[in-house]
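> Sequence lines, in order, name chains A and B. Going by this note's numbering, the first residue of the first sequence is number 51, and it counts up by one from there. Going by this note's numbering, the first residue of the second sequence is number 45, and it counts up by one from there. Note that CB positions come from ideal geometry on N, CA and C, so glycine has one too. Computed from a predicted structure; not experimentally measured.
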Amino acid sequence: MIWETVRLAIQAIFRNALRSILTVLGIVIGVAAVIAMVTVGQGSSDQVTADVEKLGTNVLMVLPGAGRMGPGNNSVSAALDLKDVEALIDQLSSVRTAAPYNQTTLNAVYGAEDARTSVAGTDTRFLDVVDWPIVQGRGFLPAEESSGRAVCIIGETVRQDLFGNTDPVGETLRLKNVSCEVIGLLEAKGASSFGTDQDDIVLIPIKAFQRRITGSADVSMIYVAAADNASTDRALVEIETLMRERRRIGDGEEDDFNVRDMKQLASMLTGITDVLTGLLSAVAAVSLLVGGIGIMNIMLVSVTERTREIGIRLAVGATGNQVLLQFLVEAIVLSMIGGVIGILLGLGLAAITSNIMAIPFSPAPSIVAIAFLFSAAVGVIFGYFPARRAARLDPIEALRHQ
Amino acid sequence: MAAPTPVIELRDVTKVYGHGEAEVCAMDGVNISIASGEFVAIMGPSGSGKSTAMNMIGCLDSPTSGEYLFNGVQVGKLTQDQHALLRRNYLGFVFQGFNLLARTSALENVELPMIYKGMPAAERRKRAREALAKVGLAGRESHDPSELSGGQQQRAAIARALVGDPQVILADEPTGNLDTKLSIEIMELLKKLNERDHITIVMVTHEEEMAAYAHRVIWMVDGKVESTGTPDEVFKRGKQSA
Ligand SMILES: Nc1ncnc2c1ncn2[C@@H]1O[C@H](COP(=O)(O)OP(=O)(O)O)[C@@H](O)[C@H]1O
Ligand SMILES: [Mg+2]
Numbered sequence: 051m052i053w054e055t056v057r058l059a060i061q062a063i064f065r066n067a068l069r070s071i072l073t074v075l076g077i078v079i080g081v082a083a084v085i086a087m088v089t090v091g092q093g094s095s096d097q098v099t100a101d102v103e104k105l106g107t108n109v110l111m112v113l114p115g116a117g118r119m120g121p122g123n124n125s126v127s128a129a130l131d132l133k134d135v136e137a138l139i140d141q142l143s144s145v146r147t148a149a150p151y152n153q154t155t156l157n158a159v160y161g162a163e164d165a166r167t168s169v170a171g172t173d174t175r176f177l178d179v180v181d182w183p184i185v186q187g188r189g190f191l192p193a194e195e196s197s198g199r200a201v202c203i204i205g206e207t208v209r210q211d212l213f214g215n216t217d218p219v220g221e222t223l224r225l226k227n228v229s230c231e232v233i234g235l236l237e238a239k240g241a242s243s244f245g246t247d248q249d250d251i252v253l254i255p256i257k258a259f260q261r262r263i264t265g266s267a268d269v270s271m272i273y274v275a276a277a278d279n280a281s282t283d284r285a286l287v288e289i290e291t292l293m294r295e296r297r298r299i300g301d302g303e304e305d306d307f308n309v310r311d312m313k314q315l316a317s318m319l320t321g322i323t324d325v326l327t328g329l330l331s332a333v334a335a336v337s338l339l340v341g342g343i344g345i346m347n348i349m350l351v352s353v354t355e356r357t358r359e360i361g362i363r364l365a366v367g368a369t370g371n372q373v374l375l376q377f378l379v380e381a382i383v384l385s386m387i388g389g390v391i392g393i394l395l396g397l398g399l400a401a402i403t404s405n406i407m408a409i410p411f412s413p414a415p416s417i418v419a420i421a422f423l424f425s426a427a428v429g430v431i432f433g434y435f436p437a438r439r440a441a442r443l444d445p446i447e448a449l450r451h452q
Numbered sequence: 045m046a047a048p049t050p051v052i053e054l055r056d057v058t059k060v061y062g063h064g065e066a067e068v069c070a071m072d073g074v075n076i077s078i079a080s081g082e083f084v085a086i087m088g089p090s091g092s093g094k095s096t097a098m099n100m101i102g103c104l105d106s107p108t109s110g111e112y113l114f115n116g117v118q119v120g121k122l123t124q125d126q127h128a129l130l131r132r133n134y135l136g137f138v139f140q141g142f143n144l145l146a147r148t149s150a151l152e153n154v155e156l157p158m159i160y161k162g163m164p165a166a167e168r169r170k171r172a173r174e175a176l177a178k179v180g181l182a183g184r185e186s187h188d189p190s191e192l193s194g195g196q197q198q199r200a201a202i203a204r205a206l207v208g209d210p211q212v213i214l215a216d217e218p219t220g221n222l223d224t225k226l227s228i229e230i231m232e233l234l235k236k237l238n239e240r241d242h243i244t245i246v247m248v249t250h251e252e253e254m255a256a257y258a259h260r261v262i263w264m265v266d267g268k269v270e271s272t273g274t275p276d277e278v279f280k281r282g283k284q285s286a
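1. Whole angstroms is fine: what's the gap from A:A92's alpha carbon to A:S412's?
2. Verify the CB distance criterion: does A:E380 have a CB-CB separation below 8 Å to chain B?
3. Kindly list, in the order they appear in chain A, the residues whose Cβ is closer than 7 Å to that of B:A215.
4. Ordered along the chain, which non-local residues of its own chain (more than five positions away) have a Cβ less than 7 Å from that of A:M119?
5. Taking the DSSP output, what are the residues bridged to A:C230?
6. Is B:K94 near ligand 1, judged by its Cβ being under 7 Å from some heavy atom?
7. Roughly how many angstroms separate the alpha carbons of B:Q196 and B:H187, rounded to a whole number?
8. Just to confirm, does B:G91 get its C-beta within under 7 Å of one of the non-hydrogen atoms of ligand 1?
9. Could you check how far apart the C-beta atoms of B:M98 and B:V269 are, in whole angstroms? I think they sit under 8 Å.
10. Within a Cβ cutoff of 6 Å, which residues of the same chain sit near B:M158, ignoring the five residues on either side of it in sequence?
11. Considering only the alpha carbon of each residue, which of B:A150, B:V117, B:M100 lies closest to B:S109?
12. Counting only beta-carbon atoms, is B:A128 nearer than 8 Å to chain A?
13. Please report the straight-line C-alpha distance between B:Y134 and A:L72, rounded to a whole angstrom.
14. According to DSSP, is A:N108 part of a helix, a strand, or is it coil?
15. Smallest Cα separation from B:V57: which of B:L237, B:P50, B:M71, B:G64?
16. With hydrogens ignored, establish whether the beta-carbon of B:V248 is closer than 7 Å to any heavy atom of ligand 2.
17. I need the straight-line Cα distance from A:N124 to A:A193, nearest angstrom please.
18. So, does the CB of A:R438 fall closer than 8 Å to a CB anywhere in chain B?
19. Exposed or buried, A:V102, counting other C-beta atoms within 10 Å across all chains shown (16 or more means buried)?
20. Please confirm whether A:A137 and A:R297 have their CB atoms less than 8 Å apart.
21. Confirm, please, whether the CB-CB distance from B:A85 to B:L144 is below 8 Å.
22. For ligand 1, any of its heavy atoms closer than 7 Å to the Cβ of B:G64?
23. Output yes if chain A places a C-beta closer than 8 Å to the C-beta of B:N99; else output no.
24. When you compare only the Cα positions, how much space is there between B:S106 and A:R358?
25. Quick one, which residues of the stretch 133-148 of chain B are near chain A if we go by CB-CB under 9 Å, in chain order?
26. Run the proximity test for B:D72: is its beta-carbon closer than 7 Å to any non-hydrogen atom belonging to ligand 2?
27. Run through chain D and tell me which residues come within less than 8 Å of B:P157, C-beta to C-beta.
28. Apart from the five residues on each side of it in sequence, which residues of its chain come closer than 7 Å, Cβ to Cβ, to B:K94?
29. Going straight from the alpha carbon of A:S352 to that of B:G81, what length do you get?
30. What number of angstroms, rounded off, separates the C-alpha of A:P121 from the C-alpha of A:S385?
31. List the residues of chain B whose Cβ lies closer than 7 Å to the Cβ of A:E359, in chain order.
32. Under the rule that 16 or more other beta-carbon atoms within 10 Å means buried, what is A:S281, buried or exposed?
33. Hey, out of A:N215, A:G187, A:A316, A:N66, whose CA is closest to A:D96's CA?
34. On the DSSP bridge assignment, give the partners of B:V207 in chain order.
35. In chain order, what residues of the same chain have a beta carbon less than 6 Å from the beta carbon of A:G429, not counting five sequence neighbours either side?
36. When you check each C-beta in the stretch 108-128 of chain B against every C-beta of chain A, which residues fall closer than 7 Å?
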């Protein structure tokens, strides 16, 4: 009987193809929106995780200031310095290597070309920490690092912007009033999950940066690579203990510096993505609700339109429940068809969007299943009222209806 | 030997529509008894309560007062679902306006009552074909109502009424929308069902020519049964009193 009812429902749906399409449009759009949102959201989360993994899950950062995130309290708390870097490397077994990192934004000029770019003062160990190979030329020599000679290693974007087809190695570019010989070119990395272009960078020896650009011996950040046999958690604790000692922070006093690992950063970033995904999905879910009301509306109209048909069915011996079931199944089948179309459409949209945004396409079976069940539920909830109305029609009135 | 129980027995049935000023007494103390195998025509002027009586007999409507017994069972004491079962298993309806489902083939229209019986599709199809053949519509199974003439539509409706092997076929002005030639074809068909398959037939008609096919005519006026008898008797009496 139930299969018979489903077959009848499908027949009725195709008999009124245009109306059926209009009826399910709301569901289709709602489901497609939810699926697309969630899938693209999941994709960007996956992208962040992948980025962070590429950067190295064993990477930590030490920053001055007690603030949770971002630079800010540097002015109130003492800056870091180069001795901190050496202390971390020499005194902690959980630290494989570390590098200072000061950054600013400057105009880089080569001949007639100029471009605003990130300039970072660091040393060769930084490239080791973040695992960034030089594809052309060489890294800083120890002599260049200790003397603070003005040499630089440039990223792919800077090469393109300033040098075009010229081989950059051996050329000289100008940063502020500092002339810098280009000694190496970094491998292209692409955009980070923060959305910044990681290749838009010029690296110079930290001492050159301190002396020629900021004029201070401060270090604003230290990149640390945990030892292979040590967890980042252990490294984090050891770094904190050592830094408290070096900065003479008494028991019970708050840290005036900050140690962060990439895992934290990743969870923060995915957290933001998740919140955004959640919000957008909620909006999409509202459109699903509207779709459900659309179904109810059209089903009610359909009951009125088909009053005579219902009368005939009752006259030939259908019980009220059989008519109820028929209309209910029709609503459910209709909204499930809408759900399936919506799922396919949503996945298609998500695939296209992921492709454009260059993030992984991550369809989640769970959300597909939920969307499908939800659309069926919409059919039950919004189909019940019209179906009950159909079942309660008075057969004589229904037959008399024109 | 006691008289066999009538199939249909209306005892002092009254039906009042509306309230107060708008009150209409569509049936007023009607007593009708129809035996199994009878072919009865209900006649009378428009508005005399014929359709109301048919709806009552068809368990589509319930009396304001009085009793309706179907095969001796008090219909008023049955539930709505039981009314549906009674229609499904014992009754077949033929309407003036045919009342076939639009955009649905003749075969599927005839299958309809059996769907609600829960009969398997193959069996249903077989029976529907047989019923269509019986009414002379073999070969028209896949046509939908808009592709059939009025007479053919009414035959399809009759096929639908008889497919469930009903005890009674109720036909409210079955030839009201048909010309005389087609009407006679329909009447011959009903007569055949009555004589050969022993289906009790209750029919409403305005035309004496059609009523002549019945064994008995019940003449209603103003919601009351005015007279009953063979067609000849009733028409003669009618002419004498006119
Ligand atoms: N549902 C209804 N509501 C109000 N009055 C009705 C209804 N059905 C029938 N009537 C009235 O009852 C009387 C009998 O109607 P009906 O049985 O249809 O007559 P017939 O079929 O003999 O022409 C008429 O006066 C009609 O107007
Ligand atoms: Mg009538």
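A quick look at the data gives this:
1. Residue 92 of chain A sits at position 42 when you count from the first residue of the first sequence. Residue 412 of chain A sits at position 362 when you count from the first residue of the first sequence. In the sequence under discussion, the amino acid at residue 92 of chain A is Gln, which differs from the Ala named in the question. Taking the straight line from one Cα to the other gives about 6 Å.
2. For this step, residue 380 of chain A is matched to residue 330 along the first sequence. For A:E380, the answer is no, since every Cβ of chain B falls outside 8 Å of its Cβ.
3. As a position in the second sequence, residue 215 of chain B is number 171, starting the count at 1. Under the 7 Å cutoff, chain A gives no residues; its nearest Cβ is about 13 Å from B:A215.
4. As a working mapping, residue 119 of chain A is identified with position 69 in the first sequence. Since pLDDT at A:M119 reaches only 48, below the 50 mark, its modelled position is unreliable, and no value is offered.
5. Walking along the first sequence from the start, residue 230 of chain A turns up at place 180. Paired residues: A:L223.
6. Translated into the one-based positions of the second sequence, residue 94 of chain B becomes position 50. For ligand 1, at least one heavy atom lies less than 7 Å from the Cβ of B:K94.
7. Within the second sequence, residue 196 of chain B is the residue found at index 152, counting from 1. Within the second sequence, residue 187 of chain B is the residue found at index 143, counting from 1. The alpha-carbon atoms of B:Q196 and B:H187 are separated by roughly 10 Å.
8. Start at 1 with the first residue of the second sequence, and residue 91 of chain B comes out as number 47. Result yes, Cβ under 7 Å from ligand 1.
9. Here the question's residue 98 of chain B lines up with position 54 in the second sequence. Here the question's residue 269 of chain B lines up with position 225 in the second sequence. Not a contact, Cβ separation roughly 14 Å.
10. The sequence position of residue 158 of chain B within the second sequence is 114, counting from 1. R168, listed in sequence order.
11. The residue labelled residue 109 of chain B in the question sits at position 65 within the second sequence. Out of B:A150, B:V117, B:M100, B:M100 has the C-alpha closest to the C-alpha of B:S109.
12. For this step, residue 128 of chain B is matched to residue 84 along the second sequence. Interface residue, yes.
13. Within the second sequence, numbered from 1, the residue matching residue 134 of chain B stands at position 90. Within the first sequence, numbered from 1, the residue matching residue 72 of chain A stands at position 22. Distance between the alpha carbons of B:Y134 and A:L72 is about 41 Å.
14. As a position in the first sequence, residue 108 of chain A is number 58, starting the count at 1. Three-state DSSP puts A:N108 in coil, outside helix and strand.
15. Counted from its first residue, the second sequence places residue 57 of chain B at position 13. Nearest option by C-alpha distance: B:M71.
16. Residue numbering aside, residue 248 of chain B sits at position 204 when the second sequence is read from its first letter. For ligand 2, at least one heavy atom lies less than 7 Å from the Cβ of B:V248.
17. Position 74 of the first sequence, counted from the first residue, corresponds to residue 124 of chain A. Position 143 of the first sequence, counted from the first residue, corresponds to residue 193 of chain A. Confidence at A:N124 is low in this model, with a pLDDT of 44, below 50, so its placement is unreliable and the value that follows should be read with caution. Computed Cα separation, rounded: 30 Å.
18. Mapped onto the first sequence, residue 438 of chain A falls at position 388. No, its Cβ sits nowhere closer than 8 Å to a Cβ of chain B.
19. Position 52 of the first sequence, counted from the start, is the residue given in the question as residue 102 of chain A. It counts as buried.
20. As a working mapping, residue 137 of chain A is identified with position 87 in the first sequence. As a working mapping, residue 297 of chain A is identified with position 247 in the first sequence. No, Cβ-Cβ distance for A:A137 and A:R297 is not below 8 Å.
21. The residue you call residue 144 of chain B lines up with position 100 of the second sequence. The residue you call residue 85 of chain B lines up with position 41 of the second sequence. No, Cβ-Cβ distance for B:L144 and B:A85 is not below 8 Å.
22. For the purposes of this step, residue 64 of chain B is taken as residue 20 along the second sequence, with counting starting at 1. For ligand 1, not one heavy atom lies less than 7 Å from the Cβ of B:G64.
23. The residue labelled residue 99 of chain B in the question sits at position 55 within the second sequence. Yes, contact with chain A.
24. Counted from its first residue, the second sequence places residue 106 of chain B at position 62. Counted from its first residue, the first sequence places residue 358 of chain A at position 308. So the two alpha carbons sit approximately 20 Å from each other.
25. N133, L135, G136, F137, F139, G141, N143, L144, L145, A146, R147, T148
26. Translated into positions along the second sequence, residue 72 of chain B becomes position 28. False, no ligand heavy atom lies under 7 Å from that Cβ.
27. The structure shown contains no chain D; its protein chains are A and B.
28. Here residue 94 of chain B refers to the residue found at position 50 of the second sequence. Closer than 7 Å at the Cβ level, and outside the excluded window around B:K94, lie I86, G88, V248, M264.
29. Numbered from its first residue, the first sequence carries residue 352 of chain A at position 302. Numbered from its first residue, the second sequence carries residue 81 of chain B at position 37. Looking at the two C-alpha atoms, the distance is approximately 41 Å.
30. Position 71 of the first sequence, counting from 1, holds the residue named residue 121 of chain A. Position 335 of the first sequence, counting from 1, holds the residue named residue 385 of chain A. Residue placement at A:P121 is poorly supported in this model, since its pLDDT is 49, which falls under 50; the coordinates are not used for a value here.
31. Your numbering for residue 359 of chain A matches position 309 in the first sequence. Simply L145.
32. Counting from 1 along the first sequence, the entry for residue 281 of chain A is found at position 231. A:S281 should be labelled exposed.
33. As a working note, residue 96 of chain A is residue 46 in the first sequence. The shortest C-alpha separation from A:D96 is found at A:A316.
34. Here residue 207 of chain B refers to the residue found at position 163 of the second sequence. B:V207 pairs with nothing; no bridge assigned.
35. For the purposes of this step, residue 429 of chain A is taken as residue 379 along the first sequence, with counting starting at 1. Within the same chain, A:G429 has close Cβ partners A381, I382, S385.
36. Q124, D125, A128
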